[in-house]
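Using the working numbering, read the sequence shown as starting at 374 and increasing by one per residue. Glycine included, every Cβ here is placed at the ideal spot set by N, Cα and C. First comes the structure, then the notes that go with it.
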Amino acid sequence: STQRHDLLCRTAANHIRLNGVDVVREVRYANEETNHARARPGDLDLWTQDGNKSTHWALDFAVVSEYHNASKHFITTASKSGRSETIRKEKEKIKKHRGSFKEMDVEFAPMVCSTSGAWGHESNRAFNDIAKNIAKCNLTSQRVERFKMRTTLTNNVMKSVARSYELIITFT
């Protein structure tokens with residue numbers, strides 16, 4: 374849902390910013406063909422530093438549900454199907470957007486999380502690079518910072534899902 378997407382973007386921006394990395398939300402990228410700026414797909418825009426190498430990232434967030442049918446509320450296969458849904462959505466975003474970002478020398482990363490908490494493979498590249506920068510700022514380890522970031526974001530998505538189920542149960 375749009376609410377989960379926005380929650381994920383806000384949480385990520387706040388977490389990254391509070392840990393010493395500059396981040397901008399809803400960046401507009403110029404479309405050279407039409408000369409108009411468009412707000413998508415750069416949900417978050419940030420720069421990381423590794424020695425002399427600076428990397429400009431465009432992060433595009435999405436939350437996918439592994440439940441295509443509203444009557445299926447069983448969590449038996451949620452983790453497995455959640456991962457496959459994240460990978461499918463990542464491939465879709467990469468096919469649509471990565472080429473235009475490469476031309477601008479921007480690393481594009483689809484940050485796709487499922488409602489069961491599974492993350493896609495592509496998000497790990499960004500998590501690793503951002504965590505490395507946060508670790509330098511906080512004098513901690515990259516592994517700890519990556520875990521904190523993923524856990525914070527995942528917990529917010531899953532709390533949102535739990536609240537929506539709570540509302541369903543309350544009204545039935």
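Based on DSSP bridge pairs, tell me the residues matched to residue i.
i, result
"Thr433", "Here residue 433 turns out to be Asp, not Thr, going by the sequence shown. Asp433 pairs with Pro483."
"Val534", "Partner(s): none; Val534 has no beta bridge."
"Val397", "Asp418"
"Lys426", "Asp423"
Measure the C-alpha to C-alpha separation of residue i and residue j and round it to an integer number of angstroms.
i, j, result
"Cys486", "Phe520", "15 Å"
"Val437", "Ser537", "15 Å"
"Asp502", "Thr421", "7 Å"
"Glu518", "Lys505", "8 Å"
"Leu380", "Glu465", "22 Å"
"His378", "Arg456", "17 Å"
"Val396", "Met484", "15 Å"
"Thr459", "Trp492", "6 Å"
"Arg383", "Thr375", "12 Å"
"Val534", "Lys426", "39 Å"
"Leu526", "Leu512", "21 Å"
"Leu391", "Ser496", "20 Å"
"Gly472", "Ala508", "30 Å"
"Thr488", "Arg398", "22 Å"
"Lys469", "Cys510", "34 Å"
"Val530", "Gly490", "7 Å"
Let me know if residue i comes out buried or exposed under the rule of 16 or more other beta-carbons within 10 Å of its beta-carbon.
i, result
"Tyr416", "Residue 416 is actually Asp in this sequence, not Tyr. Looking at its Cβ environment, which holds 16 or more other Cβ atoms inside 10 Å, Asp416 is buried."
"His388", "buried"
"Asn528", "exposed"
"Glu476", "exposed"
"Arg498", "exposed"
"Lys462", "buried"
"Asp423", "exposed"
Using a Cβ-Cβ cut-off of 7 Å, state whether residue i counts as contacting chain B.
i, result
"Arg456", "Absent from the structure: chain B. Only one protein chain is present."
Contact the segment 472–480 vs the segment 424–433: 3+ CB pairs below 8 Å: yes
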